[in-house]
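Going by our numbering, the first residue of the sequence shown is number 8, and it counts up by one from there. Positions of the beta carbon are idealized from the N, C-alpha and C atoms, including for glycine.
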Amino acid sequence: MAEWVEAWPVGLRFKPTEDELVGHYLTKKLRGEMEAICLIPELYIYDWEPLELFARYNELSSIPSDGSECFFFCRHGRKRKRKTNCGFWKETCTTRVIQAPDSSEEIGLRRSLVYHEGRQGNARRTNLGMYEYHLNAKVSDIAISDPVLDFPSFAYPD
Numbered sequence: 008m009a010e011w012v013e014a015w016p017v018g019l020r021f022k023p024t025e026d027e028l029v030g031h032y033l034t035k036k037l038r039g040e041m042e043a044i045c046l047i048p049e050l051y052i053y054d055w056e057p058l059e060l061f062a063r064y065n066e067l068s069s070i071p072s073d074g075s076e077c078f079f080f081c082r083h084g085r086k087r088k089r090k091t092n093c094g095f096w097k098e099t100c101t102t103r104v105i106q107a108p109d110s111s112e113e114i115g116l117r118r119s120l121v122y123h124e125g126r127q128g129n130a131r132r133t134n135l136g137m138y139e140y141h142l143n144a145k146v147s148d149i150a151i152s153d154p155v156l157d158f159p160s161f162a163y164p165d
């Protein structure tokens, strides 16, 4: 993998749009289709603290992070627990619909989360944010047998 990273052209970035993340990458992952190179690694992100995620991304992905965002596939059970050892991810009230660009069909959702250090009741909100992308239930139930996969996009604040 190190050879591939060193050969990555200067200035080339992995900057997929939201509809590409949901409609292409998440759908292919849930169908079990593999990419030729690992652009988005699978990692249970709640085993790691937010600041460790960029290092994990660079270890697992075929392309380096630009230092401002990274992407992971993250499996979860039916009960979603977003706790880490030192804190938790709390959903904000911001949920956005992702639409297919060609048909304006609703293909997924984006949820915004903010990291809080400490435990609930005695936690401090940080400026670290993450988006979770979810495939629309209609799309996933028809095409995919077990659509239990979140797609977090972790980013440092601007």
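Check your understanding: In chain order, what residues of the same chain have a beta carbon less than 7 Å from the beta carbon of G94, not counting five sequence neighbours either side?
Key -> On the sequence shown, residue 94 is found 87 positions in, with the first residue counted as 1. Closer than 7 Å at the Cβ level, and outside the excluded window around G94, lie Y122, H123, E124, G125, A130.
Point to revise | Y51 to E139 span [Cα, whole Å] | key: If you number the sequence shown from 1, residue 51 lands on position 44. If you number the sequence shown from 1, residue 139 lands on position 132. Going by the C-alpha atoms only, they are around 13 Å apart.
Exercise for review: Specify the secondary structure class of R63 as computed by DSSP and reduced to three states.
Suggested key: Within the sequence shown, the letter at position 56 stands for residue 63. R63: helix per DSSP, three-state reduction.
**Study point:** Residue burial classification, P6 (beta-carbon count within 10 angstroms, cutoff 16)
**Key:** No statement about residue 6 is possible, as the shown extent of the chain runs from 8 to 165 and does not include it.
Exercise for review: With DSSP as the reference, label H31 as helix, strand or coil.
Suggested key: Locating residue 31 in the sequence shown gives position 24, counting from the first residue. Note: H31 maps to helix in three-state DSSP.
Practice item. Determine the burial state of V29: buried for a count of at least 16 other Cβ atoms within 10 Å of its Cβ, exposed for fewer. Key: As a first step, residue 29 must be located in the sequence shown, where it is residue number 22. So V29 ends up on the buried side.
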